[in-house]
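Okay, so here's the structure we're looking at.
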Amino acid sequence: MSKNRELLSKIGLRLDGRRADELRRIRCKLGVFTEPDGSAYLEQGLTKILAAVYGPHQVRGNRSKAQHDAAVVNCQFSMAVFSTGERKRRPRGDRKSTEISIHLRQALTAAIKTELYPWSQIDVYVEVLHADGGIYPACVNAATLALIDAGIPLKEYVCACTASLANNDVPMLDISHQEEIIGGPTLTVAALPMSGKIVLMEMSQRFHVDHLQKVLEKALQGCRDIKHILDEAVKSHIQDVGSSTGWANTT
Amino acid sequence: MALCEAEKTFVLHGVEENFRIDGREREDYRPMELETNIVSHAFGSARLRLANTDVLVAVKIEVDVPYPERPREGKLEFFVDCSANATPDFEGRGGEDLAVEISNSLAGAYRSPEVFDLTKLCILKGRKCWKIFVDILLLECGGNLYDAVSIAVKAALWDTRIPLVKSVTVDGNNIDMEVSEELHDCQKLDVTGAPIMVTVCKIGEQCIVDPSAAEELCSVGALVISVSRNKFSTILQTGSGSLHPQTLLECLQTGHKVAQRLHDALIETLVDIKPSENSVGFLR
Amino acid sequence: MPIDHKRINGPEITIPYQLFDKLNTKSGKSQFKDFVKSNGVRIDGRSANDHRKIFLKTGVVSQAKGSAYIELDKTKVIVSVFNPREIPNKSEYSSKGEIYCEFKYAPFSCHKRRLHQQDPEELQYSAIMKQALESAVSRHEFPNFQVDIYALVLHNDGAALSAAITVAGVALAHAGIPMYDLITSVTLAVQGEFVLVDPNLEEERLCQVPLFKDEQNTNHGIVVLSMLATHEQVSQFYQTGNLAMDNLTSAIETLTNAAKDIVVLVKKCLVRHVIKSARNVED
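Protein chains in written order, with the UniProt record's numbering: chain H, 1 to 251; chain P, 1 to 284; chain A, 1 to 283.
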């Protein structure tokens, strides 16, 4: 309990100097690689994620996985061995990576218009280059950008954000790794911001149910803000690409 | 990728005329981009982009106990991870064969003490030494992986800063190490001997260097030649063909010549790299 | 290192007693001088260019389609080749057959006990074996099939890899797998100005580090070459260590000559096998 007080100082500043409802700086780039159909690079604070999308293409491997009315979304989450402070032994295949892959698939399947590609498969591969808290939300955001770069029709942007509770009553946004370690509950929410639908909600630790509403509200607000940032990035990328091929200013 | 016979013939004719499909000569490399110091958690890192091939290398250091039969030497371990970003075939454990091949050839290339002196990593004979983990992440495969990996590893080792050990006190079985906290108080590694690998492919009657993915498919035999300080540190024959001993010698000579040029160019570039506050990484 | 759960393992951290042996404190250079005198004569009386005596026998494993056994003085390797079978885990048709090679040191074959699973060195040697044998076998004769080749080193006294490749060629011929040519393989060890054909285990070990640094000669290394003699094709080439260009050139020449010399023995062994099976058919 006393640890919570360190998360938010008396003048309302957090450990890294942010205010309670400030997001970390997000920088992103679409179209980083040429080989995948879509790729994106996203930095949220110090967390760095690379996402690549292949597809839609024929179902690889097990043909029985194919569905007659929708595309199969296949996700793989992998962390580079050097991404954490202490060197990881294996990049993927452990329980945590498999769990995050499943959550990623859940979030993305809700947004992709899978009914347009029956008998097909869409692969989404996410690689964490530097882990500093908020890995899952950053992966979801990067994957959304990669899907847009690949030209796969989406119902909406999928944005994710973490939120926590400091001092037992002040909701905080976008938790970094240090704040995660110190303690305190973490609520991860992945949502379709404009329609306000939640596609994934996950929580660690605990806090009283009375606070749930405001922490959830904070997280959804964070998702909306992230959506604006990602939208800006997508628009400027399309402008770059378009102007180089001459269709930005059509008369 | 699959090429039909007509495409293969086209590539072959180009190589014979010393004008390859992308306009290069037989001994030309594709343009490369190198950036060091990208991964902040690591003690040294480098990213190399060779046309479509993208390799990210990070070096991490730990204190370890030396092998009992080699008490004065530190340890150097390579780990290669083929990311699924490169191709869906690398999903799960699909890229493991390639990863094992590359890490084995790197281990073989760095084995000789002439190439990399492990005695510099010793802290206390027989009790403590530095263990260097070189972690290689293959992000995109556009042909010529061995070259890209060896250059990136050399650059990352160049960039590596090993903290200086100020004092070591031994008290029975307890060993206390005091490591300098200063950022600039560090030891750099001597990488002038670190090997550069050159892939030489034989297409038709000629040898080419730095094959693209399409050219790799047309070759009848390939050699990966690792050169360190003008000497060969490892040679592997890859690809599924055989070579006449005379051709083998020609390939070795070509590879040797090219590796020297590449080494000189790389050292020149590394010396010129100035540390900048804003590392660009993937954002450019 | 992976733990073997099927067997009762000894303590995890063990140190071989040889390290405490007082006799083991000689410098590398004097150890090498014990094994190779300055006139190039080695401890077993061979000259620098002499290969060890080879013993080859076919038909040693009854369950395998083809098998062979080789003895290079103390180095013993046994190889079995199995019938072509469908390539596992593959759904697309391939117009060429595949070879699957597995190279393994038996746990008791080396000074230090080996694990039952393949370690990175054995995986690399398996890949090298595959590289060597791929050019020798007529892969288009068995499309979409895979031939399994298993090599087990019973005693490692140097040059185990080249022994394995040579005897694998014999086993493939014994199995009746269509081949373009007979394959033979030789190892060469270089230390300073000494160039030793077919090194034994100690010579191989001593060539891993440069021992003649004070004489300005830091050449050292191991070179393995496999050749298809009649076609004059090098199907596999592997080198480690630190060698200059001219050393390598002369090494390649020495190796190609040595490889051609061994072909005679391989032919003799296979002819003996054919005569024996012809006699069996007659009876």
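Ideal placement from N, C-alpha and C gives every residue a C-beta, glycine not left out.
Please classify Glu-215/A: is it buried, with 16 or more other beta-carbons within 10 angstroms of its beta-carbon, or exposed?
It is exposed - the Cβ of Glu-215/A has fewer than 16 other Cβ atoms within 10 Å.
Roughly how many whole angstroms lie between the Cα atoms of Tyr-136/H and Asp-231/H?
Rounded to the nearest angstrom, the two C-alpha atoms are 20 Å apart.
Compare the C-beta of Pro-91/H against all C-beta atoms of chain P and say whether one is closer than 8 Å.
Closer than 8 Å to some Cβ of chain P, the Cβ of Pro-91/H qualifies, so yes.
In chain order, which continuous runs of the beta strand (DSSP E) of length 3 or greater are located wholly inside the segment 136 to 201 of chain H?
159 to 166, 170 to 173, 186 to 192, all fully within the segment 136 to 201 of chain H.
For Glu-202/A, which of Val-147/A, Ala-127/A, Gly-28/A, Lys-104/A has the nearest alpha-carbon?
Checking every option, the nearest Cα to that of Glu-202/A belongs to Gly-28/A.
Round the Cβ separation of Leu-121/P and Trp-130/P to the nearest angstrom and send it over; I've been treating them as touching at under 8 Å.
The Cβ separation is near 4 Å, so the contact holds.
What is the DSSP secondary structure of Tyr-67/P, counted as helix, strand or coil?
Coil, per DSSP.
Given a threshold of 16 other Cβ atoms within 10 Å of its Cβ, counted over all protein chains shown, does Pro-210/A qualify as buried or as exposed?
Buried.
Which chain P residues sit within Cβ distance under 7 Å of Gln-76/H?
The answer, in chain order, is Ala-84, Glu-91.
If you draw a straight line from the C-alpha of Val-80/P to the C-alpha of Ala-175/A, how long is it?
Each residue's Cα considered, the two are about 37 Å apart.
For the beta strand (DSSP E) containing Ile-149/A, list its first residue and its last residue.
Ile-149/A -> beta strand (DSSP E) spans 145 to 155.
Please report whether the beta-carbon of Asn-59/H lies at a distance below 8 Å from any beta-carbon of chain P.
Note that residue 59/H is Val in the sequence shown, not Asn. No, Val-59/H lies away from the interface with chain P (no Cβ there is under 8 Å from its Cβ).
Check each candidate in Arg-63/H, Pro-185/H, Val-124/H and name the one with the smallest Cα separation from residue 255/H.
Given a span of 1 to 251 for chain H in the structure shown, any question on residue 255/H remains unanswerable.
Please classify Ser-2/H: is it buried, with 16 or more other beta-carbons within 10 angstroms of its beta-carbon, or exposed?
In this prediction, Ser-2/H has a pLDDT of 44, which is less than 50 and means its spatial position is unreliable; what the coordinates show is noted afterwards. Flag for Ser-2/H reads exposed.
With a cut-off of 8 Å, do at least 3 Cβ pairs link the segment 33 to 41 of chain H to the segment 137 to 150 of chain P?
The answer is yes - the segment 137 to 150 of chain P touches the segment 33 to 41 of chain H, with three or more Cβ pairs under 8 Å.
Mind checking who Trp-130/P pairs with in its DSSP beta bridge?
Paired residue(s): Val-63/P.
Glu-202/H CB to nearest chain P CB: under 8 Å?
No - not a single Cβ of chain P is within 8 Å of the one on Glu-202/H.
Among Gly-66/A, Gly-97/A, Pro-120/A, which one has its Cα closest to the Cα of Leu-98/P?
Per the Cα distances, Pro-120/A.
Where does Thr-169/P sit, in a helix, a strand or coil, going by DSSP?
Correct three-state label for Thr-169/P: strand.
Among Ile-181/H, Ala-51/H, Gln-67/H, which residue has its Cα nearest to the Cα of Asn-85/P?
That would be Ala-51/H, whose Cα lies nearest to the Cα of Asn-85/P.
Does chain A have any CB closer than 8 Å to the CB of Pro-88/P?
Output row for Pro-88/P: interface = no.
Which chain P residues are close to Asp-123/H, counting only those with a beta carbon under 8 Å from its beta carbon?
By Cβ distance, chain P contributes Ala-84, Pro-88, Glu-91.
Would Leu-225/A be called buried (16 or more neighbouring beta carbons within 10 Å of its own) or exposed?
Leu-225/A is buried by the Cβ-count criterion.
Beta-carbon separation of Val-11/P and Ala-214/P under 8 Å?
Yes, the Cβ-Cβ distance between Val-11/P and Ala-214/P is below 8 Å.
Determine the burial state of Leu-15/H: buried for a count of at least 16 other Cβ atoms within 10 Å of its Cβ, exposed for fewer.
With fewer than 16 other Cβ atoms within 10 Å, it is exposed.
I need the DSSP call for Lys-188/P, collapsed to helix, strand or coil.
Three-state DSSP puts Lys-188/P in a strand.
From this set, Leu-56/A, Gln-63/A, Ser-62/A, Val-81/A, which residue's C-alpha is nearest Tyr-69/A's C-alpha?
For Tyr-69/A, the nearest C-alpha among the options comes from Leu-56/A.
Step through the CB atoms of chain A and report whether any lies within less than 8 Å of the CB of Leu-106/P.
By this cut-off, Leu-106/P is not an interface position.
So Arg-47/P is in the beta strand (DSSP E); what residue range does that whole segment cover?
First-last of the beta strand (DSSP E) with Arg-47/P: 44 to 50.
Would you grab the beta carbon distance between Glu-98/A and Gln-146/A for me? Rounded to a whole angstrom, and I think it's under 8 Å.
About 4 Å separates the two Cβ atoms, so the contact holds.
For Asn-39/A and Val-190/A, I'd like the C-alpha separation in whole angstroms.
Approximately 15 Å, taken between the alpha carbons.
Output the boundary residues of the beta strand (DSSP E) element that contains Glu-35/P.
32 to 36 is the extent of the beta strand (DSSP E) around Glu-35/P.
State the Cα-Cα distance for the pair Ile-182/H and Ala-166/H, rounded to the nearest angstrom.
Going from the Cα of Ile-182/H to the Cα of Ala-166/H covers about 11 Å.
Leu-161/A versus chain P: which residues are under 9 Å apart at the beta carbon?
None at all; the shortest Cβ gap to chain P is about 13 Å.
Taking the runs of the alpha helix (DSSP H) that are 4 residues or longer, which of them lie wholly in the segment 16 to 61 of chain A?
Counting whole runs of 4 or more residues, the segment 16 to 61 of chain A contains the alpha helix (DSSP H) stretches 28 to 35.
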